[in-house]
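Numbering (the working numbering), first residue to last: 8 to 190.
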């Protein structure tokens with residue numbers, strides 16, 4: 008998504024990158040597109056943990072869906088449009104990053120779920136998993152904007168506080184039940 012408040016600029020970027028095999032869309036929600044691209048990495052870490060713990064497809068689907076709700080809540084609090092998170096810069100990118108085996112963030116989460124330490128995982132990687140550093144920023148932004156982000160918080164706990172991944176899943180499952188539309 009080529010996002011700009013200036014529609015002509017977005018269309019220009021679209022024209023530069025569009026090919027017969029790469030489709031580019033335009034949008035004006037710069038905040039939403041930028042946040043979608045960053046926040047999905049933290050949720051992908053959590054998705055990787057779930058896969059590493061062999062939690063199953065239903066758990067992964069729930070985690071991705073609830074992760075999208077967390078992304079949307081923070082985004083709206085920061086001035087993004089809720090609808091942006093239903094598009095390519097939100098759900099599209101989130102789905103790929105949480106399920107794709109080439110996703111660096113999912114891979115880090117997977118290895119954490121398998122019992123490896125963050126230091127050993129990072130030491131073995133030749134590329135950066137952006138979600139590790141982004142988790143700190145998300146933790147701070149959620150507090151600053153008063154947004155509840157339980158999945159992101161559990162990921163932060165695994166990365167920074169040494170929370171056992173199984174305990175993080177347990178913490179999420181033991182949260183008070185709520186109606187889905189209130190989340």
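Glycine included, each C-beta is placed from N, C-alpha and C at the ideal position.
Remember, it's a predicted structure, so these values are computed and weren't measured experimentally.
Item to complete: Look up residue 224 in the DSSP assignment and say whether it is helix, strand or coil.
Response: Absent from the model: residue 224. The displayed extent of the chain is 8 to 190, so no value can be given.
Worksheet item: CA-CA distance, residue 27 and residue 33?
Response: 17 Å
Practice prompt. Report the rounded CA-to-CA distance for residue 179 versus residue 161, giving the unit in angstroms.
Written response: 8 Å
Worksheet item: When burial is assigned at 16 or more other CB atoms within 10 Å of the CB, is residue 50 buried or exposed?
Response: buried
Worksheet item: Counting only runs that start and end within the region 22-51, where is the alpha helix (DSSP H) found for 4 or more residues in a row?
Response: none
Practice prompt. Identify, in the order they occur along the chain, each residue of the same chain with its Cβ nearer than 6 Å to the Cβ of residue 45, setting aside the five sequence neighbours on each side.
Written response: 141
Worksheet item: Mind checking whether residue 130 and residue 48 have CB atoms under 7 Å apart?
Response: no
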